[in-house]
Amino acid sequence: MAFNFKKSVTFRLAQAAKAHRSRAGTHLARIGLHPGQETVLKILADVDGQTMSQLATTLAVQPPTVTKMVTRLSAQGFLRRATSEADGRLARVFLTDEGRALVETVDTSWKRLEREALVGLDEKDRKKLRKLLRQVEKNLGSRRGDDLDAEDGEAGE
281 MAFNFKKSVT FRLAQAAKAH RSRAGTHLAR IGLHPGQETV LKILADVDGQ TMSQLATTLA
341 VQPPTVTKMV TRLSAQGFLR RATSEADGRL ARVFLTDEGR ALVETVDTSW KRLEREALVG
401 LDEKDRKKLR KLLRQVEKNL GSRRGDDLDA EDGEAGE
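Sequential numbering from 281 applies to the sequence shown in my numbering.
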């Protein structure tokens, strides 16, 4: 029997992620940001002055992606780069006052998106969903490509 991908949890997860990104894009566009840029601001709000490598690791993206994001956010006046005092080869990234102020607006957008996404779910369901999604994230984040062949055919049957 053929695998019915439309009934799979991972397909529903992917569709939900696409819908989330699209809706987030709508909210973020109102404040002049693209999806992903708000995460850079939030990360720096928590720990300002990170290196590009640290940002890439935290964001789980390649360094050129971080460079592009930081360049765009710097051009908008939300970030500034400075050479590290400890190691002149490293650039550290800092929020500007404008960037720090924008973080509050990002929080408002995220709260609005959270409310929209979870309409119809009570607090118990929300907690359970968070727990389940953390487990899926952990499962997928710890997987390597070389262990897939042994499990073909297990999911979705």
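All residues carry an ideal CB built from backbone N, CA and C; glycine is no exception.
Check whether the region 364-382 and the region 320-338 are in contact - that is, three or more C-beta pairs closer than 8 Å.
In this structure the region 364-382 lies against the region 320-338, because at least three pairs of beta carbons, one per stretch, are closer than 8 Å.
In chain order, what residues of the same chain have a beta carbon less than 7 Å from the beta carbon of Glu318, not counting five sequence neighbours either side?
Within the sequence shown, the letter at position 38 stands for residue 318. So the list reads Leu308, Val386, once near-sequence residues are dropped.
With C-beta atoms as the reference, is Val346 less than 8 Å away from Leu359?
What you label residue 346 is simply residue 66 of the sequence shown in a count that begins at 1. What you label residue 359 is simply residue 79 of the sequence shown in a count that begins at 1. No, they are not a contact pair.
In terms of residue numbering, what span does the beta strand (DSSP E) encompassing Val373 cover?
By 1-based counting over the sequence shown, the position of residue 373 is 93. Following the DSSP letters along the chain, one finds Val373 inside the beta strand (DSSP E) bounded by residues 371-375.
For Ala435, which residues of its own chain have a beta-carbon under 6 Å away from its beta-carbon, when the five flanking residues on both sides are left out?
Here residue 435 corresponds to residue number 155 of the sequence shown, with the count starting at 1. Model confidence at Ala435 stands at a pLDDT of 49, short of 50, so the residue's coordinates are unreliable; what they give is reported in the following sentence. Cβ within range, chain order: n/a, list empty.
When you compare the region 290-309 with the region 333-342, are there three or more beta-carbon pairs, one atom per stretch, that lie closer than 8 Å?
Flag = no, the region 290-309 and the region 333-342 do not touch.
Following the continuous beta strand (DSSP E) through Leu359, name the residue where it begins and the one where it ends.
As a first step, residue 359 is located in the sequence shown; it is residue number 79 there, counting from the start. 359-363 is the span of the beta strand (DSSP E), which, as asked, contains Leu359.
Excluding sequence positions up to five away, which residues of its chain have a Cβ less than 7 Å from the Cβ of Ala304?
The sequence position of residue 304 within the sequence shown is 24, counting from 1. The beta carbon of Ala304 is closer than 7 Å to those of Pro315, Leu393 in its chain, skipping five residues each way along the sequence.
Just mark Gly379 as buried or exposed, buried being the case when its beta carbon has 16 or more other beta carbons within 10 Å.
Numbered from 1 along the sequence shown, position 99 holds the residue referred to as residue 379. Of the residues assessed, Gly379 falls on the buried side of the cut-off, its CB having 16 or more other CB atoms within 10 angstroms.
Between Gln342 and Lys348, what straight-line distance do the alpha-carbon atoms span, to the nearest angstrom?
Numbered from 1 along the sequence shown, position 62 holds the residue referred to as residue 342. Numbered from 1 along the sequence shown, position 68 holds the residue referred to as residue 348. When rounded, the distance between both Cα atoms is 10 Å.
Identify the residues that DSSP records as bridge partners of Gln330: which are they?
Counted from its first residue, the sequence shown places residue 330 at position 50. DSSP, once it has assigned bridges, lists Val373 as partnering Gln330.
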